[in-house]
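Residue numbers (our numbering): 1 to 232.
Written out as structure tokens, the structure is:
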């Protein structure tokens, strides 16, 4: 049983789509509780998240955090670092595929040395149809599975310190990518409608991360998820 941290800051349309994927594609028998963090949203995201009924114990923690590092600092206040606990961190631009949690937990169990496991997409692979491994990485993206022991220190817990910057400082943390990666969609990376038009809108408002879309997302990576495609 793990904790699942869901982080949101504005981007209401992204949040709604992300929550739908999370609800449908998560094995809730493996989730002890969900902690929903809303970082001072002003576009209706907070109100929407308050209306969501998760199928497990849920804590809603709105506030003014300023960064994902500050959110994790808040979470770790009641999660002793002496315990080897695994938790999942999911942002509100993340469309998780079916089977994501059991597959990630399996890789974490097989690699007890890994502290941070990134699961962002590089190629489309149907969950359950391939053997996955943990490949060493210099950093991971903002989503994945993490062990609380990695967070020996969270500097500037109320400052605007990004997760990538923290990783550059946390040289002791063992980082790895799930390989082959799961077909995760990051909504602010998508080059196709309706996500592309939303990305343009949110980038203009300064709410979306200013990253280039992954080239692999030019393919319809979720095409296999349609019943007809699976049957074929």
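Think of the CB as a built atom: it goes at the ideal place given N, C-alpha and C, for glycine as much as any other residue.
- C-alpha of residue 188 to C-alpha of residue 93: approximately 6 Å in a straight line.
- Around the beta carbon of residue 9, 16 or more other beta carbons sit within 10 angstroms, so the residue counts as buried.
- Per DSSP, the unbroken beta strand (DSSP E) holding residue 88 starts and ends at 86 to 91.
- DSSP, read as helix, strand or coil, puts residue 10 in coil.
- In the three-state reduction of the DSSP assignment, residue 62 falls in the strand class, which pools E and B.
- For the options 133, 37 and 120, the alpha carbon positioned closest to that of residue 183 is the one of 120.
- For residue 172, the closest C-alpha among the options 138, 70, 28 and 145 is that of 138.
- In this structure, the beta-carbon distance from residue 65 to residue 74 falls below 8 Å.
- Beta-bridge partners assigned by DSSP to residue 2: 31.
- Residue environment: residue 29 is assigned as exposed (fewer than 16 neighbouring CB atoms within 10 Å of its CB, all protein chains considered).
- Judged by DSSP secondary structure, residue 78 falls outside any alpha helix (DSSP H); it is assigned neither H nor E.
- Per the DSSP secondary-structure output, residue 15 pairs with nothing in a beta bridge.
- Of 60, 18 and 31, the smallest CA-CA separation from residue 101 is found for 31.
- Residue 56 carries a coil assignment under DSSP once its states are collapsed to helix, strand and coil.
- As DSSP reads the structure, residue 144 sits in a beta bridge with 89 and 118.
- Taking 8 Å as the cut-off, the Cβ atoms of residue 175 and residue 140 count as close.
- Annotation for residue 136: the continuous beta strand (DSSP E) segment containing it runs 133 to 136.
- Nearest neighbour of residue 86 by Cα position, chosen from 152, 165, 144 and 170, turns out to be 144.
- The beta carbon of residue 39 sits closer than 6 Å to the beta carbons of 9 and 65 from its chain, once the five residues preceding and following it are set aside; these are given in chain order.
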